[in-house]
Amino acid sequence: MNARRSLVLPILAALGAGIVFGLGLGISQMTHPEKIKDFLDLASIPSGGWDPSLLFVMGGALLVAMVFYRIGRPPRRPWLSGTFAHDWRREIDGRLVGGSVLFGLGWGLVGLCPGPAIADLSLIPAEVIVFVAAMAAGSWAVGLVRAARANARVSAVPAE
Amino acid sequence: MEHFAPLSAAAGGVLIGLSVGLLWLASGRIAGISGILGGLVPAPLKDAGWRLAFLVGLPVGGLTGYWLATSLFGAPSLGLPSIEGGLGVALAGGLLVGVGTRLAGGCTSGHGICGLARLSPRSAVAVGTFMATAASVVFLTRHVL
């Protein structure tokens, strides 16, 4: 694989994957906050007003994804890169649980998670643009604080 | 169940699974949206190309799917997506989702689909936690407050 191919092909693959992912979100209407809230509203089950769509979306996606993850595993390699980049951590810590609580608060409040919010940008609703900007700023701020702390730790080690 | 459309929901889910599979087999990457977005900052510049490409693809597919849901799959038309409560709620919710998913290392796609498909215990805990929290918020805002 020459240098240019190795640079361009992963970008095209990611573009294609992003389009197919967005198609899935749009077709299943997970792009609509009221559908997400209608799923999360478990108290509406007795009255018959509950919308189980999200279970069908996640179920379909999970089944298909499981097949692909079985096919693509070490010692095989991805078509376009050297290694499978996966988070192999196993520990369950405060960050995982606390972060998931914060995410759940925002998800329940608005009815949007990251994928649908970004997919909705094509329809240009003002609130969604604000939501995505705040989401990116929040995530990047945590990333920058972490990087600064890691740097501080490195420079705090006395030079020999 | 006025809006429940099982056919379009399952078809959409299969497409999302195919996208996850494509990114994995081609590039060895996890199709977790919060991770793809969050990984832009701070990150080496050479890593930004595929992330931006995926993030540009999402709304392109989203717009097409928005149209196909009703025209091809017969799902009820829902109009344009909007956020109840306006700009203030959008701002607060966006910050919570951004900070929370970064700390937790994933969202509905990264933990909910990719992680569960790999039978990751971390992802199972994350999914249970954010589902329960979000359902509680919806219960409070719809039935209590």
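Heads up: the protein sequence lines correspond to chains A and B, in order.
In this text, residue positions in the first sequence follow my numbering: the first is 352, and each later residue adds one.
In this text, residue positions in the second sequence follow my numbering: the first is 2, and each later residue adds one.
All residues carry an ideal CB built from backbone N, CA and C; glycine is no exception.
Taking the C-alpha atoms as reference points, what is the distance between residue i and residue j?
i, j, result
"Arg428 of chain A", "Ser451 of chain A", "31 Å"
"Ala11 of chain B", "Gly411 of chain A", "5 Å"
"Lys386 of chain A", "Val479 of chain A", "16 Å"
"Gly111 of chain B", "Ala416 of chain A", "12 Å"
"Ala445 of chain A", "Ala125 of chain B", "A small fix is needed here, since residue 445 of chain A is Gly in this sequence, not Ala. Their backbone Cα atoms lie some 15 Å apart in a straight line."
"Arg504 of chain A", "Val493 of chain A", "17 Å"
"Leu414 of chain A", "Phe74 of chain B", "21 Å"
"Thr142 of chain B", "Leu460 of chain A", "8 Å"
"Ala1 of chain B", "Gly377 of chain A", "Not covered by the structure: residue 1 of chain B. The range shown for chain B is 2 to 146."
"Ala32 of chain B", "Val21 of chain B", "5 Å"
"Gly457 of chain A", "Leu56 of chain B", "21 Å"
"Leu88 of chain B", "Phe482 of chain A", "8 Å"
"Tyr420 of chain A", "Trp25 of chain B", "8 Å"
"Ala1 of chain B", "Ile37 of chain B", "In this structure chain B extends from 2 to 146, so residue 1 of chain B is not present and cannot be described."
"Arg30 of chain B", "Thr102 of chain B", "18 Å"
"Ala135 of chain B", "Met381 of chain A", "15 Å"
"Ser379 of chain A", "Pro43 of chain B", "33 Å"
"Ala477 of chain A", "Leu64 of chain B", "16 Å"
"Arg440 of chain A", "Trp68 of chain B", "40 Å"
"Leu149 of chain B", "Gly423 of chain A", "Only positions 2 to 146 of chain B appear in the structure, and residue 149 of chain B is not among them; the question remains open."
Which residues bound the alpha helix (DSSP H) around residue i?
i, result
"Gly87 of chain B", "87 to 105"
"Val496 of chain A", "477 to 507"
"Trp51 of chain B", "49 to 72"
"Asp389 of chain A", "384 to 391"
"Arg428 of chain A", "Careful: Arg428 of chain A lies outside any alpha helix (DSSP H) and carries neither H nor E."
"Gly13 of chain B", "7 to 28"
"Ala135 of chain B", "122 to 140"
"Met417 of chain A", "404 to 422"
"Ala44 of chain B", "No alpha helix (DSSP H) contains Ala44 of chain B, which DSSP labels as neither H nor E."
"Gly459 of chain A", "445 to 461"
"Ala468 of chain A", "465 to 470"
"Leu38 of chain B", "34 to 39"
Identify, in the order they occur along the chain, each residue of the same chain with its Cβ nearer than 8 Å to the Cβ of residue i, setting aside the five sequence neighbours on each side.
i, result
"Arg497 of chain A", "none"
"Gly40 of chain B", "Asp48, Arg52"
"Ser28 of chain B", "Trp51"
"Glu85 of chain B", "none"
"Ser78 of chain B", "Thr71"
Spell out whether any CB of chain D is found under 7 Å from the CB atom of residue i.
i, result
"Val371 of chain A", "In the structure shown, chain D does not exist; the protein chains are A and B."
By Cβ distance below 7 Å, which residues in the same chain neighbour residue i in space, the five residues on each side in sequence not counted?
i, result
"Leu374 of chain A", "none"
"Gly462 of chain A", "Pro384, Glu385, Ile387, Lys388"
"Ala364 of chain A", "Leu431"
"Leu391 of chain A", "Gly459"
Taking 6 Å as the limit between beta carbons, can you name the residues of its chain near residue i, skipping five residues before and five after?
i, result
"Val128 of chain B", "His112, Gly113"
"Arg119 of chain B", "none"
Using a threshold of 6 Å, is the CB atom of residue i nearer than that to any non-hydrogen atom of the ligand ADP?
i, result
"Trp25 of chain B", "Summarising the ligand content, the structure contains no ligands, and the ligand ADP is consequently not present."
message = Give me the subset of the segment 26 to 37 of chain B whose CB atoms are less than 7 Å from a CB atom of chain A, sorted by chain position.
response = Leu26, Ala27, Ser28, Gly29, Arg30, Ile31, Ala32, Ile34, Ser35
Where the segment 425 to 444 of chain A meets chain B: residues whose CB sits under 7 Å from a CB there = Pro429, Trp430, Leu431, Ser432, Thr434, Phe435, Ala436, His437, Asp438, Arg440, Arg441, Ile443
Positions along the segment 489 to 509 of chain A whose CB lies within less than 9 Å of some CB in chain B = Gly489, Ser490, Trp491, Ala492, Val493, Gly494, Leu495, Arg497, Ala498
key: Contact set between the segment 464 to 475 of chain A and chain B, restricted to residues whose Cβ is under 7 Å from the partner   = Cys464, Pro465, Gly466, Ile469, Ala470, Asp471, Leu472, Ser473, Leu474
message = Output needed in chain order: residues of the segment 443 to 462 of chain A with a Cβ under 7 Å from some Cβ in chain B.
response = Ile443, Arg446, Leu447, Val448, Gly449, Gly450, Ser451, Val452, Leu453, Phe454, Gly455, Leu456, Gly457, Trp458, Gly459, Leu460, Val461
task = May I ask you to list, following chain order, the residues of the segment 372 to 385 of chain A that have a beta carbon less than 8 Å from some beta carbon of chain B?
result = Phe372, Gly373, Leu374, Gly375, Leu376, Gly377, Ile378, Ser379, Gln380, Met381, Thr382, His383, Pro384, Glu385
key: Residues from the segment 45 to 63 of chain B in contact with chain A, defined by Cβ distance under 8 Å   = Gly50, Trp51, Arg52, Ala54, Phe55, Leu56, Val57, Gly58, Leu59, Pro60, Val61, Gly62, Gly63
ask   = Which of the residues in the segment 65 to 76 of chain B, read from start to end, lie with their CB under 7 Å from any CB of chain A?
value = Thr65, Gly66, Tyr67, Leu69, Ala70, Phe74, Ala76
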